[in-house]
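Q:
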Amino acid sequence: MKRSTSFPPGKVTVESRSGHIVRIRLGHGNGPGNKELGYRLLSALKKGLDKESLKFKIAGVSEFTRKVLLACAKIRFGEVRTYGQIAEGIGKPGGARAVGQVMARNPLPFLIPCHRVVRKGLFLGGFAGGPEWKAFLLGCEGWSFEGKGTRRRLKQTERKRFG
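Residues in the sequence shown are numbered consecutively from 4, following the working numbering.
1. Pull up the distance between the alpha-carbon of residue 88 and that of residue 143, whole angstroms please.
2. Can you tell me whether DSSP reads residue 20 as helix, strand or coil?
3. Kindly indicate the opening and closing residues of the beta strand (DSSP E) around residue 67.
4. Quick check on residue 123: does DSSP put it in helix, strand or coil?
5. Hey, is the region 110-119 in contact with the region 90-98, meaning 3+ C-beta pairs nearer than 8 Å?
6. Assign residue 111 to buried or exposed, taking buried as 16 or more other Cβ atoms, counted over all protein chains shown, within 10 Å of its Cβ.
7. When burial is assigned at 16 or more other CB atoms within 10 Å of the CB, is residue 132 buried or exposed?
Encoded structure:
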């Protein structure tokens with residue numbers, strides 16, 4: 004089953020099978036949306052997963068990919084990590100680029116918050132949905148930015164946690 008909703012950067016489509024979310028696609032442009040879906044996604048983003056109402060599966064991935072996605076899932080609302088920190092955290096120092104490749108293919112943005120993984124130096128970096136999506140999601144968590152595109156740099160404030 005597919006359901007869609009819209010946010011300022013574009014449309015979100017959620018695919019599910021047997022009651023489990025299997026893919027979330029971030030797109031561009033707006034269309035008619037499912038308000039309940041939008042509310043539940045933003046709630047998951049802000050409060051963490053409500054395991055009773057949002058069930059998802061990570062299937063058909065390598066052990067490395069699973070470790071990266073699970074490490075990313077532990078990053079709390081309002082916090083960020085670098086690709087290098089994720090790599091070190093799973094025992095693969097020097098694996099920042101490989102972590103970036105996993106983030107680019109994350110099947111479950113929002114639920115596995117890959118937007119919270121940034122480049123060294125707190126630069127925004129890439130994102131499968133594009134830099135506007137990443138900036139929007141981090142902005143929802145209270146971050147602000149300097150610069151443009153993927154070279155945008157996050158402004159660290161007293162209440163934000165890095166690392």
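All C-beta atoms in this analysis are idealised placements derived from N, C-alpha and C, irrespective of residue type, glycine included.
A: So, from the listed chains and residues:
1. Here residue 88 refers to the residue found at position 85 when the sequence shown is read from its first residue. Here residue 143 refers to the residue found at position 140 when the sequence shown is read from its first residue. The straight-line gap from Cα to Cα measures roughly 23 Å.
2. Translated into the one-based positions of the sequence shown, residue 20 becomes position 17. The answer is strand: DSSP assigns residue 20 an E or B state.
3. Counting from one through the sequence shown, the residue named residue 67 turns up at place 64. Per DSSP, residue 67 belongs to no beta strand (DSSP E); it is in the alpha helix (DSSP H), 66-76.
4. As a position in the sequence shown, residue 123 is number 120, starting the count at 1. Note: residue 123 maps to coil in three-state DSSP.
5. no
6. Along the sequence shown, one-based indexing puts residue 111 at 108. Classification for residue 111: buried.
7. Start at 1 with the first residue of the sequence shown, and residue 132 comes out as number 129. Looking at its Cβ environment, which holds 16 or more other Cβ atoms inside 10 Å, residue 132 is buried.
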